[in-house]
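Residue numbers (numbering that gives the first Met the number 0): 0 to 695. C-beta: ideal position from N, C-alpha, C; glycine also. Because the structure is a prediction, the values reported are computed rather than measured. To start, the structure itself, in structure tokens.
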Amino acid sequence: MTAAPAAGVEVPAARKVPLLHIVILVLATWIIFVWGYVTRVGSGAKYWVVTGGWLPWIYLIMIAAFIGKKMGKIIDKTLLIAIMFALCIVTAKWYYFSGTSEVDFINNLSGTLSASLSIGVWPPEASQHIKDLIPSWMVVWDPLAAERYYRGGGDPIWSPMTAPIITWVLIYIALALQGMFLTFAILGPEFWEVQRLPFPITIPPRYVINNVYTEDPKLFGDLFYNMKKHRIFWIGVVVGLLLNLPYMATQILPAVPWGAVIGGGYGFVALETLYPGLVSAVQSIFPNAIWVTTTIHLPNTLILMLVPTSVSTTILFWRICLGWIYPGITTRMGLIPAGAGPWWYGPILFGPFANSFTIYTGLALVALYAMRRRIADFVRLIRENGSIEGVSARVMLGLFLIGTLVFLGIWSAAGLDPFTNFLVWLLFTISSIGGAYFYATLLWYGGDCTGYNLWWLVYPVSSSLGLLPTVPTAGHKAAAVFGYYVATMGTCVGAFEGNCMYNPTILVSTYSLGAGTKADLKRLFIYMLVVLVALPPFAFFFDAWFNSHVGIVYTSQSGMDMHWWNPASAAMDLGVRAITWASPPIPVHIAAAWEIGWMVFLLASYLIAARFAFLSYFLNPIGIVAAPNWWVGWVNPLVALIVRTLLTRAVGAKRAYEIIVELVSGLAVGFGLLFIVLGAYVFFGISLPTIAALWK
């Protein structure tokens, strides 16, 4: 972060952005999307096996190392990272770790645009209850156009579809402008430079890139040409490859056993799969115990060895003491009914706590408090016309304001009052900051699915002001738009939650990849914006054209992302037909009060732990937030504590850390190494034949 230069100080000229790089990125983004999209929508039963792109990042770096070593041509590192970013968007949030699949932009498209283009025919009750309450420039009410998109039949009926497509393009670009500001102006510099958070998701590519693009030019490509020096990494590669081989083989050859146990690209074993009686055994001692199910997940164990010990101890304390012992005692005292669990019964309600919106908004309060000085510094830069990594602070703020005004303007024009509109936007933004903080600190499962519980906080406030109905009211335009807003933005494939590839969660992770490899952050900022802006117009018009020919209902795109999440149901059932969408089993205003209480508790835990260090072993906010997470579990932190202690005593803390980083990097690469084979099998063997059969 730099202020405006004083007079007479010579400032080195910023490196120019080659036009060729922009052209390469735009074309690469479009090509990657089509390739990943075709793979995904035609994959059938392999829908969650290969979810989009299937070129692990390790192959890009291998090619760069070969070209640099053998041909003497060094591929620009910043451009390489930008291409990895484009691949990440259409492959998975997992991509930066192992290069394999999970939720990606295609999910986001399906849960927003696809739902909007088909609402005229699906769900059928939408036309009965909310037709024309959501404007036709946001969704397609025309039954012929919607039917063409939903069931296929030929060329798109563009007239009713064009305005909604443009609207959703603007929404995504607006989110990109907001997210890039938060990432490069505030969150990225704070998390990387000041707090020095580990960003586990990008540890593997950072390690690989730094050992290919070495400081000594003579050692370029060292990782691949001096395996003895990096033997721990290559041991990890072999182990990861062998651990994931059964799963990969099973997906191609179903007769191979164990494929259902070893997770594809994840490398985990569910403990309850190995010990089916685990839950009943624990609950026989502690009735109504929760958080018993867990995984044995080698990468997570290693990652937990890289973060403060207080994270693991807090996870264990909360899972065992509050997840097992507390329900057991309160159930035996008669405070919780047998078989009910502590979620909505007893003196402490866990239901309002164990949801993404509460915990990540609470975590955002911690992050905002911790970086209050960063925010003050940014205000100073605005006054002084300063810059951050060569990018004008005023330019970044201007982009943020444009994105915010466009976003809020769209939803207000759709029929939502400015107060409710702003409150929803503010809460989504804050919870996204909490998700980004969690990504930067521990794992990549944060700030997601927030819309389901965010509305609990907004609805009582707006309804008390007469802005939303207190009882179901047919024809209530604001209620329909409100429901569609929180659902399209906040289901588990929504556009404004942690699973969205336009969210600060993945954007901050990309920042760490650039900062951790000493890439040109100014150019990375521009390159990422190019990718984020170039993708929606091409992807959305392509999707409309493609599905008009094949029918989205017949593809893998419709199942979970459009039908299951079904944002139209929220538009109907948050004030029009009912007020029941994702509603709690207690009055909404009481659930909201508990949400606020848990948020305040997380901030208080941070402040108390900062004041009394020994309490951090029980009140680390990251550990509290991670405690309910199935991927984290209780086996992984327990093993991490034991192994970390033994390894540190054996080789010292610094060397132990280096060994773990090298090993986890190798494991991640090994997990994803064969994903290219599996992806090719799905693409050529399943997706292309399926699409050819559906094409009309």
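> How do the region 345–363 and the region 426–434 stand: do at least 3 beta-carbon pairs fall below 8 Å, yes or no?
Replying inline: When C-beta atoms of the region 345–363 are compared with those of the region 426–434, three or more pairs fall below 8 Å, so the two segments count as touching.
> What are the boundary residues of the alpha helix (DSSP H) that V599 is part of?
Replying inline: Your numbering for residue 599 matches position 600 in the sequence shown. Here the alpha helix (DSSP H) through V599 covers 587–610.
> Going by alpha carbons, who is nearest to L425 out of P142, F96, N299, L174?
Replying inline: Stepping through the sequence shown from its first residue, residue 425 is reached at position 426. Ranking the options by Cα distance to L425, first place goes to L174.
> Which residue from L687, T249, I129 puts its Cα closest to that of F674?
Replying inline: Against the sequence shown, residue 674 aligns to sequence position 675. If we check each option's Cα against that of F674, T249 comes out closest.
>> If I measure Cβ to Cβ from F316 and keep anything under 7 Å in the same chain, skipping five residues before and after, which residues do I get?
In response: By one-based count along the sequence shown, residue 316 stands at place 317. Listed in chain order, the non-local C-beta contacts of F316 below 7 Å within the same chain comprise F617, local neighbours out to five positions each way being set aside.
> Residue ranges of each alpha helix (DSSP H) run of no fewer than 4 residues wholly in the region 149–201, ordered along the chain?
Replying inline: Secondary structure within the region 149–201: the alpha helix (DSSP H) runs of 4 or more consecutive residues, fully enclosed, are 157–180 (chain order).
> Out of P155, H475, I302, L523, which has the shortest C-alpha to C-alpha gap to P17?
Replying inline: Taking the sequence shown and counting its residues from 1, the one referred to as residue 17 is at position 18. Taking only the C-alpha atoms, the option nearest P17 is L523.
>> Can you find the residues in the same chain that come closer than 6 Å, C-beta to C-beta, to G71, ignoring five residues on each side of it along the sequence?
In response: Residue numbering aside, residue 71 sits at position 72 when the sequence shown is read from its first letter. For G71, where only same-chain residues beyond five positions count, there are no Cβ hits under 6 Å.
>> Taking a contact to mean a Cβ-Cβ separation below 9 Å, would you say T28 touches S100 in this structure?
In response: Counting from 1 along the sequence shown, the entry for residue 28 is found at position 29. Counting from 1 along the sequence shown, the entry for residue 100 is found at position 101. Not a contact, by the Cβ cut-off of 9 Å.
>> According to DSSP, simplified to helix, strand and coil, what is S508?
In response: Taking the first residue of the sequence shown as 1, we reach residue 508 at position 509. Three-state DSSP puts S508 in a helix.
> Would DSSP call I387 helix, strand or coil?
Replying inline: Residue numbering aside, residue 387 sits at position 388 when the sequence shown is read from its first letter. Three-state result, I387: strand.
> DSSP three-state call for Y475: helix, strand or coil?
Replying inline: Against the sequence shown, residue 475 aligns to sequence position 476. Per the sequence shown, the amino acid found at residue 475 is His instead of Tyr. H475: coil per DSSP, three-state reduction.
> Mind pulling the alpha helix (DSSP H) runs of 4 or more residues that sit fully within the region 394–471?
Replying inline: With a minimum length of 4 residues, the continuous alpha helix (DSSP H) runs that stay inside the region 394–471 are 417–440, 450–463.
> Buried or exposed: which applies to N696, given that a residue is buried once 16 or more other Cβ atoms fall within 10 Å of its Cβ?
Replying inline: Given that the chain is displayed from residue 0 to residue 695, the structure contains no residue 696 and the question cannot be resolved.
> In chain order, what residues of the same chain lie with their CB nearer than 6 Å to the CB of W443, ignoring the 5 residues before and after it?
Replying inline: Here the question's residue 443 lines up with position 444 in the sequence shown. Taken in chain order, the residues that qualify are K92, I200.
> Is the distance from the Cβ of G493 to the Cβ of T111 below 9 Å?
Replying inline: Counting from 1 along the sequence shown, the entry for residue 493 is found at position 494. Counting from 1 along the sequence shown, the entry for residue 111 is found at position 112. In this structure, the beta-carbon distance from G493 to T111 falls below 9 Å.
>> So if DSSP puts F267 in a beta bridge, which residue, or which two residues, is it bridged to?
In response: One-based indexing of the sequence shown puts residue 267 at position 268. Paired residue(s): H296.
>> Going by C-alpha to C-alpha distance, which of G684, D572, Y206, I658 sits closest to Q127?
In response: On the sequence shown, residue 127 is found 128 positions in, with the first residue counted as 1. Closest by alpha carbon: D572.
> Quick one: what's got a C-beta closer than 6 Å to G262's C-beta in the same chain, skipping five residues either side?
Replying inline: Here residue 262 refers to the residue found at position 263 when the sequence shown is read from its first residue. Because the pLDDT of G262 is 39, which lies under 50, any placement of that residue in the model is unreliable, and the question is left without a value.
> Quick one: is M370 buried, meaning 16 or more other Cβ sit within 10 Å of its Cβ, or exposed?
Replying inline: As a position in the sequence shown, residue 370 is number 371, starting the count at 1. Buried is the call here.
> Across which residues does DSSP place I705 in a beta bridge pair?
Replying inline: With the chain covering only 0 through 695, there is no way to say anything about residue 705.
> Using DSSP with H/G/I as helix, E/B as strand and the rest coil, what is L716?
Replying inline: Residue coverage of the chain in this structure runs from 0 to 695, which leaves residue 716 outside it and unanswerable.
> Are the CB atoms of L662 and R205 nearer to each other than 9 Å?
Replying inline: Translated into positions along the sequence shown, residue 662 becomes position 663. Translated into positions along the sequence shown, residue 205 becomes position 206. Not a contact, by the Cβ cut-off of 9 Å.
> Is S309 closer than 9 Å to G622 when the C-beta atoms are compared?
Replying inline: On the sequence shown, position 623 is the one that residue 622 refers to. On the sequence shown, position 310 is the one that residue 309 refers to. Contact: yes.
> So what does I578 bridge to, in DSSP terms?
Replying inline: Looking up residue 578 in the sequence shown gives position 579. Beta-bridge pairing links I578 to L573.
> Got a sec, what are the start and stop residues for the alpha helix (DSSP H) R522 sits in?
Replying inline: Counted from its first residue, the sequence shown places residue 522 at position 523. Here the alpha helix (DSSP H) through R522 covers 520–549.
> Between the Cα of I659 and the Cα atoms of D215, I231, L79, which residue gives the shortest distance?
Replying inline: The residue you call residue 659 lines up with position 660 of the sequence shown. Check the Cα spacing between I659 and each of D215, I231, L79: the tightest is with I231.
> Quick one: what's got a C-beta closer than 7 Å to W694's C-beta in the same chain, skipping five residues either side?
Replying inline: Along the sequence shown, read from residue 1 onward, the residue named residue 694 stands at position 695. Closer than 7 Å at the Cβ level, and outside the excluded window around W694, lie H548, V549.
> Where P341 and W454 are concerned, what is the direct C-alpha to C-alpha distance, given to the nearest angstrom?
Replying inline: Taking the first residue of the sequence shown as position 1, residue 341 is located at position 342. Taking the first residue of the sequence shown as position 1, residue 454 is located at position 455. Each residue's alpha carbon lies about 22 Å from the other.
> Is there contact here, the region 483–493 with the region 381–398, by at least three beta-carbon pairs under 8 Å?
Replying inline: Output reads no: the region 381–398 does not touch the region 483–493.
>> Does the structure place the region 590–600 close enough to the region 346–361 that three or more beta carbon pairs sit under 8 Å?
In response: Result yes; three or more Cβ-Cβ pairs closer than 8 Å.
> Does the separation of the CB atoms of L687 and G41 fall below 9 Å?
Replying inline: The residue you call residue 687 lines up with position 688 of the sequence shown. The residue you call residue 41 lines up with position 42 of the sequence shown. For the 9 Å CB-CB criterion, L687 and G41 form a contact.
>> I need the straight-line Cα distance from F427 to S115, nearest angstrom please.
In response: To locate residue 427, count along the sequence shown from 1; it is residue 428. To locate residue 115, count along the sequence shown from 1; it is residue 116. For F427 and S115, the gap between their C-alpha atoms comes out near 21 Å.
>> Among A667, V25, W633, A639, whose alpha-carbon lies nearest the alpha-carbon of L303?
In response: On the sequence shown, position 304 is the one that residue 303 refers to. When only C-alpha atoms are compared, the closest one is A639.
> What do you reckon, are the CB atoms on G669 and H296 nearer than 9 Å?
Replying inline: Residue mapping note: residue 669 aligns to position 670 of the sequence shown, counting from 1. Residue mapping note: residue 296 aligns to position 297 of the sequence shown, counting from 1. No, the Cβ-Cβ distance between G669 and H296 is not below 9 Å.
> With distances taken from CA atoms, which of L132, A63, N106, V139 is nearest W121?
Replying inline: As a first step, residue 121 must be located in the sequence shown, where it is residue number 122. With distances taken between Cα atoms, W121 lies closest to V139.
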